[in-house]
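Residues in the sequence shown are numbered from 21 upward in steps of one, following my numbering.
Note that CB positions come from ideal geometry on N, CA and C, so glycine has one too.
I have placed the structure first, in the form of structure tokens, so that the comments after it can refer back to it.
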Amino acid sequence: MAQNTSNYVHFVKDVPTNPDYPDKFEYHLVESIEELKDLLKEPCNLMGFDLEATGLSPEKDEIVSFSFAFSDREGYNVPCFHDPNENNGNPGLGEEALDLIYDYMVNKAGAVAIHNYSYESQMMEWYGFTKLTDIHKKMWMGIEPYQESVKTNVCINENDVVLRRSGQQLSIFDEPEVQPEYRMMEVKTPFTKDQINHYLRYDMSKVRYFDTMISCWLSDTNDPKVGLKKYEEKLLGWRSSSFADTLDDKINFKYTNYHDPKVIEYTCLDAMGAVGLAHASKVFYKEAKASGQIDMKFVYVLNRCMYNLQRLDRDYLVKYGEELESSLLEMEQELYKIAGHPFNIRSTREKSAVFEELGIETEKSAKTGLRGTGKKALAVRPKGLSDKNNKFLDILLAYAATSTLKNNYIKNILDACDNKLHPNFGRFNFRTTVVPSGRLAASGDKAKTGYFINVNAQNQPKPHPQDYHCVHIDDAPLKIKNMFKNPIGSKYEYKDRIIYKTNKREYEIVRLLDYIFCPIYYLKHEHDQYPDDFPFENEGLEAKVVEGANQHLNIRSIYLPFDIDDDYILSIDYSGQELKAAAILSGEPVWEEAFSTGQDAHKATAMKVFCADGTPYNKEMRKLAKSLNFGILYGMAAYSIYTKGYAKTIEEAEDFYDKFKKGLPTLFKFLDNNAKKGKATGTVNTLFGRPIRVKYWMDNPERKIQSFGFRACCNYTIQGTGADVTKSSIIKIFGKYLNKPEWRDKVKWHSTVHDEVNFSIKKDCARELCKDINSIMTLQVPGKSFPFDTGLSLGLKWGQLFDFEYDTKTFELTHPKWSDLGEKPDCFKEKEVEYDDSFDVEKFKEISEAGEE
Numbered sequence: 021m022a023q024n025t026s027n028y029v030h031f032v033k034d035v036p037t038n039p040d041y042p043d044k045f046e047y048h049l050v051e052s053i054e055e056l057k058d059l060l061k062e063p064c065n066l067m068g069f070d071l072e073a074t075g076l077s078p079e080k081d082e083i084v085s086f087s088f089a090f091s092d093r094e095g096y097n098v099p100c101f102h103d104p105n106e107n108n109g110n111p112g113l114g115e116e117a118l119d120l121i122y123d124y125m126v127n128k129a130g131a132v133a134i135h136n137y138s139y140e141s142q143m144m145e146w147y148g149f150t151k152l153t154d155i156h157k158k159m160w161m162g163i164e165p166y167q168e169s170v171k172t173n174v175c176i177n178e179n180d181v182v183l184r185r186s187g188q189q190l191s192i193f194d195e196p197e198v199q200p201e202y203r204m205m206e207v208k209t210p211f212t213k214d215q216i217n218h219y220l221r222y223d224m225s226k227v228r229y230f231d232t233m234i235s236c237w238l239s240d241t242n243d244p245k246v247g248l249k250k251y252e253e254k255l256l257g258w259r260s261s262s263f264a265d266t267l268d269d270k271i272n273f274k275y276t277n278y279h280d281p282k283v284i285e286y287t288c289l290d291a292m293g294a295v296g297l298a299h300a301s302k303v304f305y306k307e308a309k310a311s312g313q314i315d316m317k318f319v320y321v322l323n324r325c326m327y328n329l330q331r332l333d334r335d336y337l338v339k340y341g342e343e344l345e346s347s348l349l350e351m352e353q354e355l356y357k358i359a360g361h362p363f364n365i366r367s368t369r370e371k372s373a374v375f376e377e378l379g380i381e382t383e384k385s386a387k388t389g390l391r392g393t394g395k396k397a398l399a400v401r402p403k404g405l406s407d408k409n410n411k412f413l414d415i416l417l418a419y420a421a422t423s424t425l426k427n428n429y430i431k432n433i434l435d436a437c438d439n440k441l442h443p444n445f446g447r448f449n450f451r452t453t454v455v456p457s458g459r460l461a462a463s464g465d466k467a468k469t470g471y472f473i474n475v476n477a478q479n480q481p482k483p484h485p486q487d488y489h490c491v492h493i494d495d496a497p498l499k500i501k502n503m504f505k506n507p508i509g510s511k512y513e514y515k516d517r518i519i520y521k522t523n524k525r526e527y528e529i530v531r532l533l534d535y536i537f538c539p540i541y542y543l544k545h546e547h548d549q550y551p552d553d554f555p556f557e558n559e560g561l562e563a564k565v566v567e568g569a570n571q572h573l574n575i576r577s578i579y580l581p582f583d584i585d586d587d588y589i590l591s592i593d594y595s596g597q598e599l600k601a602a603a604i605l606s607g608e609p610v611w612e613e614a615f616s617t618g619q620d621a622h623k624a625t626a627m628k629v630f631c632a633d634g635t636p637y638n639k640e641m642r643k644l645a646k647s648l649n650f651g652i653l654y655g656m657a658a659y660s661i662y663t664k665g666y667a668k669t670i671e672e673a674e675d676f677y678d679k680f681k682k683g684l685p686t687l688f689k690f691l692d693n694n695a696k697k698g699k700a701t702g703t704v705n706t707l708f709g710r711p712i713r714v715k716y717w718m719d720n721p722e723r724k725i726q727s728f729g730f731r732a733c734c735n736y737t738i739q740g741t742g743a744d745v746t747k748s749s750i751i752k753i754f755g756k757y758l759n760k761p762e763w764r765d766k767v768k769w770h771s772t773v774h775d776e777v778n779f780s781i782k783k784d785c786a787r788e789l790c791k792d793i794n795s796i797m798t799l800q801v802p803g804k805s806f807p808f809d810t811g812l813s814l815g816l817k818w819g820q821l822f823d824f825e826y827d828t829k830t831f832e833l834t835h836p837k838w839s840d841l842g843e844k845p846d847c848f849k850e851k852e853v854e855y856d857d858s859f860d861v862e863k864f865k866e867i868s869e870a871g872e873e
């Protein structure tokens, strides 16, 4: 949320304190299998379920106990794997208790309420993983070949080894009380080949779950704090003890005495709370209509997708870090040169002094008296700056973003590369209950579980574009074609990449399907440019050009397909998703006609807005129309058009805005009516029904906050529609491919960024998967003449993708998305112009814009 939420008022009022809590609540400890069987004899319509474990990582931590309840007034705790030293030698009821409760949830419970189903299902599905040998763990995750049995070192005195005393964590210098003893043994693999990267025992997709975290969040998606204790107080009127108060000095529930009334009460209340919240929050789930159902289905799908590991290129990462360091040093020298002397770039005081010297006037801090020098202070660039000062600020912002990139991303991804269990692999941490619009968040591993990479996947900047020559491999020069040839007997006829040297430079040329791609380096002369080298020897009109990604300072090239020898990265992104969502919601005829007939919606807008009076069309109009189309959907008005530099004066900005209102009247009517609805009811909805709560913003006396509310009515509604489209498509792909054992080796989910979804797919079925996945993800809304269609890219890594054309009826791939190079300009025929590869701050602009989002 863009606004300060410290004083935010939740859309739903707190219920009064429950007078029955805690005296009329009942908590029971189940101490025998017979008692548990008796309690689970009869079926139920609704039950609550909750687990306690030794930590948050299913790879490293273990289940301790579980609780269940059939009402919000009575609950049962079942100890399974407690520390016997704390419990008179009895750790609990063990695995048989888990078998019984799982069987009951699958076969006898109409619905199972779980708060934070994602965590409980992870712990259940990974149950037994910590007991596997390291080689079996790697086999289960798919990073070692499957074998029915292996010879490996096995600890033969595991039950006697004590790593903690009396519930206290030993320091790293303490020795275990009993040293583990290992013996080389032949060990049978305790899972089948079909269960690789799947589940060992408890398939939680078979449980008819109701995740109360989602239904509670739908009550007000502006509030990402969706903990169980908070909503028990808010919707049920009781406030139970905290985790810390219950455990005292214990490190986790494993080292508690499970007869302790505090422990029994705490654990039972979690299951009882889930039952109560299912009843109390179901109204919000129903109100959300299709989007609520999408969220509920998606939580399991996302969980399973995140089991997959992404391969990380450690060598590239180290090189990338060195490049960033070199770039930082280069930018430092540029800043010193403009300032006239060295200064500490990390010191606000010294930067402020340089601002004073250069005459850069930003708002001073009331507390320190220093001029603001950070991104926030420079969000609105001071007017009237010289070219020199503008360049100084550009470089300063780029320096800060690049430094953040180096210090945060490089370090944290290297930590993931050094994970002993799966070195050079990692996972992104996606969450569903954070972003108000329903888009996914990717927050990193803030809990330091080691299960996820501690980076925000969606904040990593896109690489800068670069043009590539593209030819079918049969049309490539024979010398290059032969360099791509694999030895006879290899699985594939051609290699994926070669290094080719000319007298000017070294090229990395890559192959995807039957096409090869070679980066273009341009000669430049004023406004003209032309390639200065032709490895493909196809100069002129026959030369095909495609857009790829520059590999310099490209952090996404760290991420490789799962199998680097046998996989591609397939990336599907929704083309103009937000504009299409707005066209469907508003019925704006200019956009509907453009999308229905396959025209460019931005050009159609420019023609309608800027050419209505007969003014000739030019490409600059389209560029401006594209910026303003998205800006207006985000609530941009005339003043913002001016401050963001789209207009030279406020009068020109007002003229642009008026022209848009006249040219797209249906869109503006929808935006105004949506805002009126938000003001009247406190809620607006996406196409699929997701409630967007705007009451606090719209009713706020501060004009600035009201303006934010208006923007939320516009863009959250549209973004939320796009989010539901994306999640729906992933659910469909999961059902057809990702959840099928026969496809699990051929296609794996990789990542998602807003309206882009990435997969790791086998090369030998790439065309089939590209066709079918693209077809499934193209969503046709009933009653509309155009779909939410997609763009398709393939690559050997996430940071080097190439767009491909496809037949929109059959979805068959045709060829890369290319254009003709064109004739060589006369200026290059007369004399050769040097290639310009000097330092250019523009290289760092995208990093500057994305580095601290």
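- For Phe86, the enclosing beta strand (DSSP E) begins and ends at 83 to 89.
- Rounded to whole angstroms, the Cβ separation of Arg642 and Lys623 is 5 Å, and the two are in contact under 8 Å.
- Under the three-state reduction of DSSP output, Cys631 falls in the coil class, being neither helix nor strand.
- The beta carbon of Phe211 sits closer than 7 Å to those of Trp160, Leu220, all from its chain and outside the five residues before and after it, given in chain order.
- When DSSP assignments are scanned along the region 748 to 814, the uninterrupted stretches of beta strand (DSSP E) that are 3 or more residues long and fall wholly within it turn out to be 767 to 773, 776 to 782.
- The region 736 to 755 makes no contact with the region 271 to 283, as fewer than three CB pairs between them are under 8 Å.
- Look at Asn410 here: in three-state DSSP terms it is helix.
- Contact annotation: Cys236 and Pro200 have beta-carbon atoms that are not nearer than 7 Å.
- When secondary structure is reduced to three states using DSSP, Leu49 falls in the strand class.
- Here Tyr327 is near Asn217, since their CB atoms are less than 7 Å apart.
- Here Phe273 has Glu72, Val84 as same chain residues with Cβ atoms under 6 Å from its own Cβ, once five neighbours each way along the sequence are excluded.
- Residues Tyr229, Asp231, Val319 of the same chain have their beta carbon placed closer than 6 Å to that of Tyr137, with the five preceding and five following residues left out of the count.
- Residue burial is scored here from C-beta neighbours: Asp58 has fewer than 16 other C-beta atoms within 10 angstroms and is therefore classed as exposed.
- In this structure, Val629 sits near Gly683, with a CB-CB distance shorter than 7 Å.
- Note on the region 108 to 181: whole beta strand (DSSP E) runs with a minimum of 3 residues are 129 to 134, 169 to 175, in chain order.
- In the displayed model, Gln330 falls within a strand according to three-state DSSP.
- If the five residues before and after Ser457 are omitted, its C-beta is found closer than 6 Å to the C-beta atoms of Tyr736, Gln739, Gly740, Ala743, all from its own chain and listed in chain order.
- The alpha-carbon of Asn27 is positioned some 11 Å away from that of Asn720.
- Going by DSSP, Asn65 is part of the beta strand (DSSP E) stretching over 64 to 73.
- Looking at the backbone, the Cα of Lys403 and that of Tyr662 are separated by about 12 Å.
- For Glu62, the CB contacts under 8 Å within the same chain, skipping 5 residues up- and downstream, are Lys128 in chain order.
- Val98 is the residue among Leu289, Val98, His299 whose C-alpha sits nearest the C-alpha of Ser52.
- In the structure shown, His489 falls within a strand segment according to DSSP collapsed to helix, strand and coil.
- One Cα belongs to Ile540, the other to Ser771, and the distance between them is close to 29 Å.
- Ranking Ala496, Ile578, Ile712 by CA distance to the CA of Pro483 puts Ile578 first.
- DSSP lists Val566 as the bridge partner or partners of Trp838.
- Each residue's CA atom was taken as its position, placing Lys760 and Ser795 some 18 Å apart.
- Here Thr625 is not near Ala602, since their CB atoms are 7 Å or more apart.
- Here Lys396 is exposed: its Cβ has fewer than 16 other Cβ atoms, across all protein chains shown, within 10 Å.
- When Ala695, Ala632, Phe708 are compared, the shortest CA-CA separation from Met718 is found for Ala695.
- When C-beta atoms of the region 256 to 270 are compared with those of the region 303 to 316, fewer than three pairs fall below 8 Å, so the two segments do not count as touching.
- Between Ala294 and Gly68, the gap from beta carbon to beta carbon is short of 7 Å.
- Only exposed fits Asn502, as fewer than 16 other CB atoms lie within 10 angstroms of its CB.
- Remark: C-beta atoms of Cys325 and Trp769 approach each other more closely than 7 Å.
- According to the DSSP assignment, Lys600 belongs to the alpha helix (DSSP H) that extends over 597 to 606.
- Beta bridge pairing from DSSP links Lys505 with Tyr514.
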